[in-house]
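**Q** Residue numbers (the working numbering): 178 to 1082.
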Amino acid sequence: MGKSVLLLCGDYMEDHEAMVPFQALQAYGIVVDAACPGKKAGDICRTAIHDSAGYQTYTESRGHNFTLNATFDEVDFHKYDGLVIPGGRAPEYLAMNESVLDCVRKFSDSGRPIASVCHGQLILAAANLVKGRKCTAYPAVKPVLIDAGAHWVEPETMKACVADGNIITGATYEGHPEFIQLFVRALGGKITGSDKKIMFLCGDFMEDYEVTVPFQSLEALGCHVDAVCPKKKGGDTCPTAVHDFEGDQTYSEKPGHSFTLTASFEGLDASNYDALVIPGGRAPEYLALDETVIALVKEFMHSKKPVASICHGQQILAAAGVLKGRKCTAYPAVKLNVVLGGATWLEPDPIDRCYTDENLVTGAAWPGHPQFVSQLMALLGIRFPCLGLGIHLVSHGSLSLVCGLLVLKIDFYTMQISDFLDCWLWEMSAVNVSCGLITKDAMVPFQALQAYGIAVDTVCPGKKAGDCCRTVIQDSVVYHGYQTFTEKRGHNFSLNANFDEVDFSKYDGLLLPGGRAPEYLAINESVLDCARKFSDSGKPIGSICHGQLILAAAGSVKGRKCTALHALGPVLIDAGAHWIEPKTRMDCVADGNIITGVIYRAHPEYIQLFVKALGGKVTGSDKRILFLCGDFMEDYEVTVPFQSLQALGCHVDAVSPNKKAGDICPTAVHDFEGDQTYSEKPGHNFILTASYEGLDASSYDALVIPGGRAPEYLALDETVIALVKEFMQSRKPVASICHGQQILAAAGVLKGRKCTAYPTVKLNVVLGGATWLEPDPIDRCYTDENLVTGAAWPGHPEFVSQLMAFLASEEEGGEEASIETNFVVNVSDISRASYKGYPEIFQLFVMALVGKITSSDKRISFLCVIEDNKGNIPFSIPSRSQVPCRRCVAGIRRLRAYAQLQCMS
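Laid out in structure tokens, this is it:
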């Protein structure tokens, strides 16, 4: 009996870091089981593709769906001989799972091999297994490993691996060949090595797995493997394609990793190689038209050297005329090519079936890689005595390969700061937002207005509260070079009200976001009727980008001055509007009760105008606020607070190490889409406003650190650490959200503090010496002295309002206060059972009202009286340090109460 392996997976583990060891070990004759906490055999885990693309950190996109073949709850870990932990984002949340940590400790305590790559070492740190051990990892994991007591080994390249006793660690999937070799040896196996030279025939958009898995599997056996492509040279890259079945009539395609070629095609001497491998994907269909490719294939086949071709690769074999009289299989859609090429078709049933005919190995698709690689090994004469394969396993037992797949999803909200002392004016104000397929035009005003204390309902025709509207990311041509804006999927936007139940007369204003939704909302009579009611009553209507299509269809722009995205000019003119050509994309126009803006970059002025139209007062601020940015920070988490503060008149700068004003940082959209953790998609490009080099931190009043993936590498930058320390030591406000606390932990400024963060960052926070505050619910934010922390972008209203409170208290000198206030509330139609929710609600409201009471060293006490037909119910409530006035509004609305609030002198 041979070795067996358990692969413990999670959503958004790194695609290669799960599949390569999974299939390579099987090709060597090792049985591999794949399991995931909370899932069973037959379920899938989504994977993430992490790649280098010239940014400050790696990019992320969706990878293959990885099918589990074992149930975690039924696994007997004692039966396995080793453990493998893939990287990606899964380890972040698997490191919080006690069953996973218990599994890892069992392997460690028994001295069985544990192999962990990239971010997988987060699990080892959480299990307290790295103390005193030499470890490497993806560089961003360094601070956690050092705090956990590891002896950090800096990876000189991303192929670096380190073995210390039974623990093997690797930096990234680039090091798979050595990583797998070290693991097999730790299992007691023997890698005999090979003098074989193997050529891979590559092309743009070959299938990702079908090149990488066999390539690295053969390298791990000691073979010299070269990858070449016509018209390219060594060091060039080929983009790959992810082909997967996702319930459609044929496979889907997504972008894969970039694959680096190792040799030049021109001048290639095929006689130096012992075998040829042809991956599938879309490359073969155009490579089959290249005469040099045809000649190369014929040379290998005529010399009877092994040729292994998979999936669509057989299109090349058919074009080369080398299949006549042969038996072979392929992806079913290629059957016609095979038959017309003169071969006998062998049905791939099941799809992982592979066949050998003399010197030719053919397979149908990447699920067949174990057979595909092992049959090629047999032709090459790479065999092992005990398994008939390339690895000799001395002892018997079983091996557990633990894979983690994690998807981090973080959204960026754009929020504005208004005079905190004016928040009480908005407690009973309400705004309706009409949604559909929308852009960032929706979330920024939605959260900014809530931060100012305004209740905002979001509705969509045909949908109800709790449903979501998909959003789109529309970005400027400037950054992509196209003739118009680009579009891709954004966050899922959750509605909080039912369109059919809304009484529009109860709202004080209407917002119409842009995007593509207005195109179809403009032909919906119920939407047009809604817009007309607001227009006829003279209530403010704010519309941006394509939202003006609805105003035009409702007949509300006739004779009005309007601006919009340039493309809407003809429509608005035909509707009778007085068209104002936008000079910049930040332009806004107000004419009576109608406010129009060009695109989301105009939000600061757009929101200011809307608040003023509601009767509010934006007092402005002389505060200067610095945002610490980086590539792939969360889209919402930079934009919402950035624009919210700008709308309040603050001077806000965004900087990033090694970048200057006018440069861009790509952002990431982190969202929950039913997986074990958040997903990631590309977000907007965010424009920096100042240069990092020569920055004078003393000229700023506060620091904001967005989340996303940027913090994990910014935490390694000594200049970033120094900047954060300067703000914290000077007691200036610092507001950090989501993964931003990774930087605070690395800077050593959390010791003795209380803070929250995205739950997977708990390990960093605790190892950094802070008291962990559970973010329950996820929008909960906390203030501890000069530090505001939040868990994720749904908490932006609290996050911004608490920072606003700091800025307001600084203006007042920050003196301590003890205030007694009588607060009378008249509530109708509320059951006695609901009263238990009132103490916190009214306490937070009064704290918001007085504004100055912001930190834990200040006190407030008051008497809250609720009057109804059942009598008065008094409450005496102690103070709290938080000042999220939005919670008062949300609390009252959740209790379905309409209250008249009067502050008694």
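Glycine is no exception: its CB is placed at the ideal position from the N, C-alpha and C atoms.
These numbers were taken from a predicted model, which means no experiment stands behind them.
May I ask you to verify whether the region 508 to 516 touches the region 473 to 485, counting CB pairs closer than 8 Å and requiring at least 3?
**A** Short answer: they don't touch.
**Q** What do you reckon, is the C-beta of L900 under 7 Å from a heavy atom of the ligand SAH?
**A** Summarising the ligand content, the structure contains no ligands, and the ligand SAH is consequently not present.
**Q** Report buried or exposed for S856, applying the criterion of at least 16 other Cβ atoms within 10 angstroms of its Cβ.
**A** Here residue 856 refers to the residue found at position 679 of the sequence shown. Burial call: buried.
**Q** Between the region 896 to 905 and the region 946 to 956, can you find at least three pairs of beta-carbon atoms closer than 8 Å?
**A** Result no; under three Cβ-Cβ pairs closer than 8 Å.
**Q** Reducing DSSP to helix, strand and coil, say where M190 ends up.
**A** As a working note, residue 190 is residue 13 in the sequence shown. Residue state, collapsed to three classes: strand.
**Q** According to DSSP, is T389 helix, strand or coil?
**A** One-based indexing of the sequence shown puts residue 389 at position 212. Three-state result, T389: helix.
**Q** Please report how far the alpha carbon of L557 lies from the alpha carbon of I375, in whole angstroms.
**A** For this step, residue 557 is matched to residue 380 along the sequence shown. For this step, residue 375 is matched to residue 198 along the sequence shown. Cα to Cα, the separation comes out at about 10 Å.
**Q** Could you check how far apart the C-beta atoms of F436 and A404 are, in whole angstroms? I think they sit under 8 Å.
**A** The residue given as residue 436 occupies position 259 in the sequence shown. The residue given as residue 404 occupies position 227 in the sequence shown. 7 Å between Cβ atoms; contact.
**Q** Under the rule that 16 or more other beta-carbon atoms within 10 Å means buried, what is N449, buried or exposed?
**A** Looking up residue 449 in the sequence shown gives position 272. Burial call: exposed.
**Q** State the start and end residues of the unbroken beta strand (DSSP E) segment that holds Q651.
**A** In the sequence shown, the residue the question calls residue 651 occupies position 474. Segment C645 to D652, the beta strand (DSSP E) holding Q651.
**Q** Taking DSSP as the reference, what is the three-state secondary structure of G1083?
**A** Given a span of 178 to 1082 for the chain in the structure shown, any question on residue 1083 remains unanswerable.
**Q** Can you tell me whether DSSP reads K283 as helix, strand or coil?
**A** Here residue 283 refers to the residue found at position 106 of the sequence shown. Correct three-state label for K283: helix.
**Q** Just mark S821 as buried or exposed, buried being the case when its beta carbon has 16 or more other beta carbons within 10 Å.
**A** As a first step, residue 821 must be located in the sequence shown, where it is residue number 644. Buried: at least 16 other Cβ atoms inside 10 Å.
**Q** Using CA atoms only, rank isn't needed, just tell me which of I772, T539, K735 and I650 is closest to L689.
**A** As a working note, residue 689 is residue 512 in the sequence shown. For L689, the nearest C-alpha among the options comes from I772.
**Q** Return the chain-ordered list of same chain residues with a C-beta closer than 6 Å to the C-beta of E903, the five sequence neighbours on each side being excluded.
**A** Here residue 903 corresponds to residue number 726 of the sequence shown, with the count starting at 1. The residues are A874.
**Q** Helix, strand or coil for I776, going by three-state DSSP, please let me know.
**A** On the sequence shown, residue 776 is found 599 positions in, with the first residue counted as 1. The answer is coil: DSSP assigns I776 none of H, G, I, E or B.
**Q** Between G967 and H353, what straight-line distance do the alpha-carbon atoms span, to the nearest angstrom?
**A** Start at 1 with the first residue of the sequence shown, and residue 967 comes out as number 790. Start at 1 with the first residue of the sequence shown, and residue 353 comes out as number 176. So the two alpha carbons sit approximately 37 Å from each other.
**Q** In terms of residue numbering, what span does the alpha helix (DSSP H) encompassing E696 cover?
**A** Along the sequence shown, one-based indexing puts residue 696 at 519. Residues A694 to L698.
**Q** Out of K760, C415 and Y257, which has the shortest C-alpha to C-alpha gap to H434?
**A** To locate residue 434, count along the sequence shown from 1; it is residue 257. Cα-wise, what sits closest to H434 is C415.
**Q** Under DSSP, the beta strand (DSSP E) around S293 begins and ends at which residues?
**A** Here residue 293 is taken as the residue at index 116 of the sequence shown, counted from 1. From DSSP, the beta strand (DSSP E) with S293 extends over I291 to V294.
**Q** Considering only the beta carbon of each residue, do D421 and H668 sit closer than 8 Å?
**A** Taking the first residue of the sequence shown as 1, we reach residue 421 at position 244. Taking the first residue of the sequence shown as 1, we reach residue 668 at position 491. The answer is no: Cβ separation not under 8 Å.
**Q** Between N536 and chain B, is any beta-carbon pair separated by less than 8 Å?
**A** Considering every chain present, this structure includes no chain B. It has just one protein chain.
**Q** Cβ of F442 within 8 Å of Cβ of K482?
**A** Taking the sequence shown and counting its residues from 1, one reaches residue 442 at position 265. Taking the sequence shown and counting its residues from 1, one reaches residue 482 at position 305. No, Cβ-Cβ distance for F442 and K482 is not below 8 Å.
**Q** How about D210 and S229: do their beta carbons lie closer than 8 Å?
**A** Numbered from 1 along the sequence shown, position 33 holds the residue referred to as residue 210. Numbered from 1 along the sequence shown, position 52 holds the residue referred to as residue 229. Taking 8 Å as the Cβ cut-off, D210 and S229 do not qualify as a contacting pair.
**Q** Provide the residue(s) that pair with N669 in DSSP beta bridges, ordered along the chain.
**A** The residue you call residue 669 lines up with position 492 of the sequence shown. Per DSSP, R647.
**Q** So, with DSSP's three-state summary, where would you put T244?
**A** For the purposes of this step, residue 244 is taken as the residue at position 67 of the sequence shown. Residue state, collapsed to three classes: strand.
**Q** Just grab the DSSP bridge partners of K256 for me.
**A** As a position in the sequence shown, residue 256 is number 79, starting the count at 1. Answer is none; K256 lacks a bridge partner.
**Q** DSSP has A922 in a bridge; who is on the other side?
**A** Taking the first residue of the sequence shown as position 1, residue 922 is located at position 745. Paired residues: none, contrary to the question.
**Q** Taking just the CA atoms, how far does I718 sit from A729?
**A** Looking up residue 729 in the sequence shown gives position 552. Looking up residue 718 in the sequence shown gives position 541. Near 13 Å, if we compare the C-alpha coordinates of I718 and A729.
**Q** Excluding the 5 residues flanking I700 on each side, which residues of the same chain have their C-beta closer than 8 Å to its C-beta?
**A** The residue given as residue 700 occupies position 523 in the sequence shown. Correct list, in chain order: A730.
**Q** Three or more C-beta pairs under 8 Å: does that hold for the region 749 to 768 against the region 696 to 713?
**A** The answer is no - the region 696 to 713 does not touch the region 749 to 768, with fewer than three Cβ pairs under 8 Å.
**Q** Within a Cβ cutoff of 8 Å, which residues of the same chain sit near M273, ignoring the five residues on either side of it in sequence?
**A** Looking up residue 273 in the sequence shown gives position 96. Answer for M273: A303, P936, T937, K939 and L940, listed in chain order.
**Q** What does the alpha-carbon distance come out to for the pair K837 and A831?
**A** Here residue 837 corresponds to residue number 660 of the sequence shown, with the count starting at 1. Here residue 831 corresponds to residue number 654 of the sequence shown, with the count starting at 1. Whole-angstrom Cα-Cα distance: 10 Å.
**Q** Determine the DSSP secondary structure at F662, reduced to helix, strand or coil.
**A** Locating residue 662 in the sequence shown gives position 485, where the first residue counts as 1. Coil, per DSSP.
**Q** Thinking just about the alpha-carbon of each residue, which of N675, C739 and P781 is nearest to the one in N770?
**A** On the sequence shown, residue 770 is found 593 positions in, with the first residue counted as 1. The candidate whose alpha carbon is nearest that of N770 is C739.
**Q** For the candidate residues E237, R530 and K216, whose alpha-carbon lies nearest to that of F249?
**A** Numbered from its first residue, the sequence shown carries residue 249 at position 72. The residue with the shortest Cα to Cα distance from F249 is K216.
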